[in-house]
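A.B. asks: Below is a structure I'd like to ask you about.
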Amino acid sequence: MRRRARSIRRETLEMILEASRDTYPMEFGAILRAEGGVVSEILLVPGTIGGESHAIFRLHMLPIDFSVVGTVHSHPGPNADPSQEDLEFFQRLGYVHIIVASPFVADSWRAWDRDGNPYELSVVD
Ligand SMILES: [Zn+2]
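Right, dumping it as structure tokens:
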């Protein structure tokens with residue numbers, strides 16, 4: 538059993554926030570990868586940027602890769618709670634899902650498990 542990711546690198550989080558700002562008002566979406574229990578990389582899936590709202594992930598384009606732990610996407614509004622569509626999507630891939638909300642600053646993100654419960658993810662340098 539692989540160790541579950543319990544933290545995210547600050548650098549990776551900053552990259553996510555920046556990409557969310559750049560993509561606004563469109564949604565930004567990417568895959569999260571972890572190494573040694575730390576989310577440390579985002580993987581852009583071709584076709585995810587500038588797609589229709591919440592139709593951003595093309596799962597068939599994902600590589601088969603066990604370092605993939607979940608997903609991240611942005612919401613153009615201030616609400617980082619998962620929508621019903623998000624919850625259905627969460628069930629399909631991984632166990633930790635980050636939602637970044639406007640204004641995309643250090644505390645405007647939340648992590649969720651696949652059932653939509655808060656997921657403890659600490660930020661590490
Ligand atoms: Zn969403």
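Numbering (our numbering), first residue to last: 538 to 662.
Where is the CB? At the ideal position from N, CA and C, for every residue including glycine.
1. Whose C-alpha, out of L550, H634, G607 and A542, is nearest the C-alpha of P619?
2. I need the DSSP call for L554, collapsed to helix, strand or coil.
3. Does ligand 1 have even one heavy atom less than 7 Å from the beta-carbon of S544?
4. Buried or exposed, going by whether 16 or more other CB atoms sit within 10 Å of the CB of I553?
5. Buried or exposed: R570, going by 16 or more other Cβ atoms within 10 Å of its Cβ?
6. Could you pull out every residue in the same chain whose Cβ sits closer than 6 Å to the Cβ of P562, ignoring the five residues on either side in sequence?
7. By Cβ distance below 7 Å, which residues in the same chain neighbour S590 in space, the five residues on each side in sequence not counted?
8. Examine ligand 1 and report whether any of its heavy atoms sits within less than 7 Å of the Cβ of P613.
C.D. replies: To lay it out plainly:
1. Looking at the Cα atoms, H634 is the closest of the given residues.
2. Looking at L554 - three-state DSSP - the assignment turns out to be helix.
3. Closer than 7 Å to some heavy atom of ligand 1: that does not describe the Cβ of S544.
4. By the neighbour-count rule (16 or more Cβ atoms within 10 Å), I553 is buried.
5. buried
6. P613
7. Confidence in S590 is poor, its pLDDT being 47 and thus under 50, which makes the residue's placement unreliable; the coordinate value appears in the next sentence. If we look at S590 and ignore the five residues flanking it on each side, its Cβ neighbours are E564.
8. no
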